[in-house]
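By the count of the working numbering, the sequence shown reaches residue 841 at its end, each step adding exactly one.
This report concerns only the one structure given below.
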Amino acid sequence: MIFRSFYRCFPHIVNIAVQTGLKHLTNVDALTKPGEDITDVLLKNLNYLDVLRSDVISSACQLVTMCHASGQHHEDLSNIINEGYIMGDQTKDELRDVTLLHDVVTQWSSIYLMIYRLLELYPACSFRFVISRLLNEDKYKDLQKHKLNNLELQVLADIWHYLAFFHIVQEEVSTQKTPTLSIVLPLYEKLIHHLKEAKEKLPCIAHAIKESIVKLQEYLAASQKTRIYALAIGECIDIKLGT
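Following this line, the structure appears as structure tokens:
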């Protein structure tokens, strides 16, 4: 029962770690020199810095919301995609007629999935053409501000790769029929390890990734002070030894 109670904390802790990191993505104004909180790579890329400051996730959410603002919006978008099939502008393999996904503030995975679907569709030249056609219609002229440029898409892709580490680990937990702390604890450590590597691979958002790592380490440090942690470590050793 105690193991199960600790396991149930896993999605909550992961959500806190992700939300903390995402919150710090836009927190770049106070960062003025390279160091622990910001890399010189980001300081040299002022355009990337501006995209972070502008809150590109919010921009993506607004674009998705615009596409779903009404049944008419969604129908118009679908019609333009299907007209493209007929006219030969794109094939169904190049651009699927699928629904863009909303995010849910309290569920970090919905942000991950929203960005994934947006990146799946938007980079295709055909989808950019579709969005341009949609927004160029007279009734949508006031929505032109929701277009995303190449750099904004690149920043979203970096954020998606960062969130993918959490998604993979959470999927590993969900595949366990009877997950216990002895299974979950190594996954926390695995996640922290991969996030540290991600800081090197994604230097422009390293400051946000660091905040997620700190949150996860705080949880691990707290759990290490409990008797249940010692029991879980013992179970991990037994599993490895096959006893």
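Just so you know, even glycine gets a beta-carbon here, dropped at the ideal spot from N, CA and C.
Model, not experiment: these values are computed from the prediction.
Straight-line Cα distance separating residue j from residue i
| i | j | result |
| --- | --- | --- |
| residue 714 | residue 817 | 28 Å |
| residue 610 | residue 751 | 29 Å |
| residue 700 | residue 652 | Interpretation of residue 700 is limited by its pLDDT of 49, a score under 50 that renders its predicted location unreliable; no figure is taken from the coordinates. |
| residue 622 | residue 785 | 24 Å |
| residue 708 | residue 638 | 31 Å |
| residue 722 | residue 712 | Residue confidence for residue 722 is low, a pLDDT of 49 falling below 50, so the modelled location carries little weight and cannot support an answer. |
| residue 763 | residue 813 | 15 Å |
| residue 753 | residue 626 | 14 Å |
| residue 794 | residue 808 | 8 Å |
| residue 608 | residue 782 | 8 Å |
| residue 660 | residue 744 | 7 Å |
| residue 804 | residue 673 | 40 Å |
| residue 643 | residue 820 | 38 Å |
| residue 755 | residue 664 | 21 Å |
| residue 676 | residue 815 | 45 Å |
Residue j beta carbon less than 9 Å from that of residue i
| i | j | result |
| --- | --- | --- |
| residue 810 | residue 662 | no |
| residue 759 | residue 800 | yes |
| residue 746 | residue 654 | yes |
| residue 620 | residue 806 | yes |
| residue 749 | residue 680 | no |
| residue 710 | residue 765 | yes |
| residue 624 | residue 650 | yes |
Pick from the options that is closest to residue i, judged by C-alpha positions
| i | options | result |
| --- | --- | --- |
| residue 787 | 649, 660, 768 and 801 | 768 |
| residue 613 | 656, 773 and 761 | 761 |
| residue 706 | 618, 677, 658 and 673 | 618 |
| residue 796 | 757, 815, 771 and 772 | 757 |
Boundaries (first-last residue) of the alpha helix (DSSP H) holding residue i
| i | result |
| --- | --- |
| residue 757 | 748-772 |
| residue 647 | 644-651 |
| residue 638 | 638-641 |
| residue 717 | 706-719 |
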